[in-house]
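Peer 1: As given, the protein sequences belong to chains A and B, one line each in that order.
Under this note's numbering, the residues of the first sequence are numbered 1 to 127, in order.
Under this note's numbering, the residues of the second sequence are numbered 1 to 127, in order.
Using N, Cα and C, we set each Cβ at its ideal position, and we do this for glycine too.
Because the structure is a prediction, the values reported are computed rather than measured.
2 protein chains.
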Amino acid sequence: MPDVLSEKFAALADPTRRAMLARLSQGEANVSELAKPFLRDMSLPAVTKHLKVLERAGLITKTREAQWRPCKLNGDGFKDVAEWMELYRAYWEESLDRLDVYLKTVMAKKKAAAKTTVKGKKDGRQK
Amino acid sequence: MPDVLSEKFAALADPTRRAMLARLSQGEANVSELAKPFLRDMSLPAVTKHLKVLERAGLITKTREAQWRPCKLNGDGFKDVAEWMELYRAYWEESLDRLDVYLKTVMAKKKAAAKTTVKGKKDGRQK
DNA sequence: CATATATATAACCAATTAGTTAATTAACCT
DNA sequence: AGGTTAATTAACTAATTGGTTATATATATG
Numbered sequence: 001m002p003d004v005l006s007e008k009f010a011a012l013a014d015p016t017r018r019a020m021l022a023r024l025s026q027g028e029a030n031v032s033e034l035a036k037p038f039l040r041d042m043s044l045p046a047v048t049k050h051l052k053v054l055e056r057a058g059l060i061t062k063t064r065e066a067q068w069r070p071c072k073l074n075g076d077g078f079k080d081v082a083e084w085m086e087l088y089r090a091y092w093e094e095s096l097d098r099l100d101v102y103l104k105t106v107m108a109k110k111k112a113a114a115k116t117t118v119k120g121k122k123d124g125r126q127k
Numbered sequence: 001m002p003d004v005l006s007e008k009f010a011a012l013a014d015p016t017r018r019a020m021l022a023r024l025s026q027g028e029a030n031v032s033e034l035a036k037p038f039l040r041d042m043s044l045p046a047v048t049k050h051l052k053v054l055e056r057a058g059l060i061t062k063t064r065e066a067q068w069r070p071c072k073l074n075g076d077g078f079k080d081v082a083e084w085m086e087l088y089r090a091y092w093e094e095s096l097d098r099l100d101v102y103l104k105t106v107m108a109k110k111k112a113a114a115k116t117t118v119k120g121k122k123d124g125r126q127k
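#1: Based on DSSP bridge pairs, tell me the residues matched to Leu73(B).
#2: With DSSP collapsed to three states, give me the class of Ala29(B).
#3: Given that a residue counts as buried once 16 or more other Cβ atoms are within 10 Å of its Cβ, and exposed if not, what is Lys8(B)?
#4: Just how far apart, CA to CA, sit Ala52(A) and Trp68(B)?
#5: Starting from Trp84(B), follow the alpha helix (DSSP H) in both directions and report where the run begins and ends.
#6: Against Lys52(A), what residues of chain B qualify as contacts under a CB-to-CB distance less than 7 Å, listed in chain order?
#7: For Thr16(A) and Val81(B), I'd like the C-alpha separation in whole angstroms.
#8: In whole angstroms, what separates the C-alpha of Gly27(A) from that of Phe38(B)?
#9: Could you name the residues of the segment 42-66 of chain A whose beta carbon sits closer than 7 Å to any beta carbon of chain B, in the order they occur along the chain?
#10: Check each candidate in Leu5(A), Ala22(A) and Val47(A) and name the one with the smallest Cα separation from Tyr91(B).
#11: Less than 7 Å between the beta carbons of Lys79(B) and Cys71(B), yes or no?
#12: Whole angstroms are fine: how far does the CA of Glu83(B) sit from the CA of Val31(B)?
#13: Determine whether the Cβ of Met134(A) lies closer than 7 Å to any Cβ atom of chain B.
#14: In whole angstroms, what is the alpha-carbon distance linking Val47(A) and Leu54(A)?
#15: With which residues is Glu65(B) paired in a DSSP beta bridge?
#16: Alpha carbon to alpha carbon, how far is Glu86(B) from Leu5(A)?
#17: Hey, how far is the Cα of Ala29(B) from the Cα of Ala11(A)?
#18: Spatial neighbours of His50(B) within its chain, please: C-beta separation below 8 Å, excluding the five flanking residues on both sides.
#19: Would Leu44(B) and Ala57(B) be called neighbours here (beta carbons separated by less than 7 Å)?
Next up, the structure:
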């Protein structure tokens, strides 16, 4: 992988790894703790590999404590991803606005329909 | 790819595709317009493939207009990615805070050092 | 209809990924 | 020293990715 950002996005493109991040957002955990929810689906070496991907991407840090390897989220590592996302905020918020507008129109129509119905016209056709 | 979010992150994990999104954030463009900056590095079918990845991930939409295929950003498609990122905002902002605190301490120390120097004590040692 | 332009598909290939099992390292505990 | 627990490394495999070239489709135009 050439650039940092691609490496991070690639690391995030896996539900197991995202679940691990979610777990780590609750606090530090060592490898076997992190592995536990996944050992039905995959082996421990697979978990080790996933953690290595997250570590190399700079999204977590792994330290040593006796035979354990406590991992924690590296908040700093999320910054450039977040920053990249910011570039597109306008676009998804715009579409939130559009949704908002759409919902308002729908509601307005429903209200109007309800009103006419109440008034006895009962012609609820749209369009 | 199983889940939507993984598909989106995977789509974003490529600098060519991110560049295409950047281009589309400036406005609609058809395939050959989008391809132009990359034709030194790759063929047109490669570009088509990248666009398909972005389209399947729901990050762009492609329409038809005669023999052209105008593409545009699908703002809506960014929402769930942004939403996922939000879950971690606290963590990267926390580390922004830590940086901020760190910088403030450094600055405070520098100022203090400068002050004592001005007062003629010229003992600028730190720590 | 013939041709040019814009784009997509097919068939293929090399590199990477996500997993496996088996073996290895490291640290602790009697 | 010997055993147990925690984690990693090695060697392998199947599936996916990102690219290729050659071919095909679709639309506009002379």
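Peer 2: A quick look at the data gives this:
#1: Ile60(B)
#2: strand
#3: buried
#4: Residue 52(A) is actually Lys in this sequence, not Ala. So the alpha carbons of these two residues sit roughly 44 Å apart.
#5: Lys79 to Glu86
#6: Those do not exist, as Lys52(A) stays about 17 Å from chain B at its closest Cβ, beyond 7 Å.
#7: 16 Å
#8: 43 Å
#9: none
#10: Ala22(A)
#11: no
#12: 29 Å
#13: Outside the displayed span of chain A (1 to 127) sits residue 134(A), for which this structure offers no information.
#14: 11 Å
#15: Trp68(B)
#16: 18 Å
#17: 30 Å
#18: Asp14, Thr16, Arg17 and Met20
#19: no
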